[in-house]
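Heads up: the sequence shown begins at 1 in the UniProt record's numbering, then just goes up one per residue.
The C-beta atom is built at its ideal place from N, Cα and C for all residues, glycine as well.
Keep in mind that this is a model prediction, so the values were computed, not measured.
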Amino acid sequence: MGPEVKAVADSGPIIHLREIGALKALGIFKIIIPPAVNEEIRGRPPKAAVNAGFDNNLAQILQNEFELALAESQCIALAKAQSIRLFLTDGLDARTTAKEMGLEPHGTVGILLKAYRKRVFSKKETIELVKKLKTHSTRYITSDITNYTVEEIMKT
1 MGPEVKAVAD SGPIIHLREI GALKALGIFK IIIPPAVNEE IRGRPPKAAV NAGFDNNLAQ
61 ILQNEFELAL AESQCIALAK AQSIRLFLTD GLDARTTAKE MGLEPHGTVG ILLKAYRKRV
121 FSKKETIELV KKLKTHSTRY ITSDITNYTV EEIMKT
């Protein structure tokens with residue numbers, strides 16, 4: 001039986017998790033992506049369903065009014081159209097807009113923490129993966145965030 005929790009994923013978390021060898025973290029979700037994300041990740045989604053069932057007008061408005069990238073705006077429009085609350089993204093503007101629209105955004109670090117809580121990774125593996133985000137991925141992450149995340153994992 002597969003994951004029951006649906007999530008719309010932006011390119012960032014997929015790319016960053018791929019870079020650190022942690023794509024299996026996405027296995028805790030049933031991932032749905034819009035066409036623009038599929039193009040950005042070069043058609044290699046991790047068991048994701050590509051779905052164009054969203055309001056293109058809303059995507060255009062989000063892109064123009066909130067200055068979001070095409071993929072981010074399609075993600076939010078897709079989440080709204082499919083009544084999916086979880087939105088996986090690292091984009092600050094996309095996260096802010098998603099919250100304003102009633103969605104629950106989670107970034108790459110949050111995905112790793114959720115996967116740890118679901119026992120996809122051990123404590124040691126999760127700490128190593130968080131550290132690899134800083135050293136082996138194109139994801140910009142501060143030392144403060146890395147250190148704070150590692151400290152929080154150590155408390156569990």
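Proximity to residue i [Cα-Cα], best of the options
i: K114; options: A49, L62, L88; result: L88
i: A22; options: S83, M154, G110, D55; result: G110
i: K124; options: D55, L58, N57, I153; result: I153
i: S83; options: A69, D90, L92, A98; result: A98
i: G68; options: D55, G91, A48; result: Per the sequence shown, the amino acid found at residue 68 is Leu instead of Gly. Of D55, G91, A48, the residue nearest in Cα terms is G91.
i: Y116; options: V150, N56, T96; result: V150
Cβ-Cβ distance between residue i and residue j below 7 Å
i: I127; j: L133; result: no
i: I41; j: L62; result: no
i: A7; j: L86; result: yes
i: L129; j: I20; result: yes
i: E72; j: A94; result: yes
i: S11; j: V37; result: yes
i: H16; j: R119; result: no
Residue range of the beta strand (DSSP E) that includes residue i
i: I84; result: Taken as a continuous stretch (DSSP letters only), I84 belongs to no beta strand (DSSP E), as it is neither H nor E.
i: A7; result: 6-9
i: A30; result: Note that residue 30 is Lys in the sequence shown here, rather than Ala. 30-33 is the extent of the beta strand (DSSP E) around K30.
Alpha carbon of residue i to alpha carbon of residue j, nearest angstrom
i: I14; j: E39; result: 12 Å
i: A81; j: G53; result: 7 Å
i: T135; j: F29; result: 26 Å
i: G102; j: P3; result: 22 Å
i: Q60; j: S137; result: 30 Å
i: L70; j: L78; result: 12 Å
Three-state secondary structure (DSSP) of residue i
i: P105; result: strand
i: M1; result: In this predicted model, M1 has a pLDDT of only 45, less than 50, meaning its place in the structure is not dependable; the value taken from the coordinates is given anyway. Three-state DSSP puts M1 in coil, outside helix and strand.
i: A52; result: coil
i: L68; result: coil
Residue span of the alpha helix (DSSP H) that contains residue i, given as start and end
i: K24; result: No alpha helix (DSSP H) holds K24; DSSP gives it neither H nor E.
i: K131; result: 123-136
i: A94; result: 92-100
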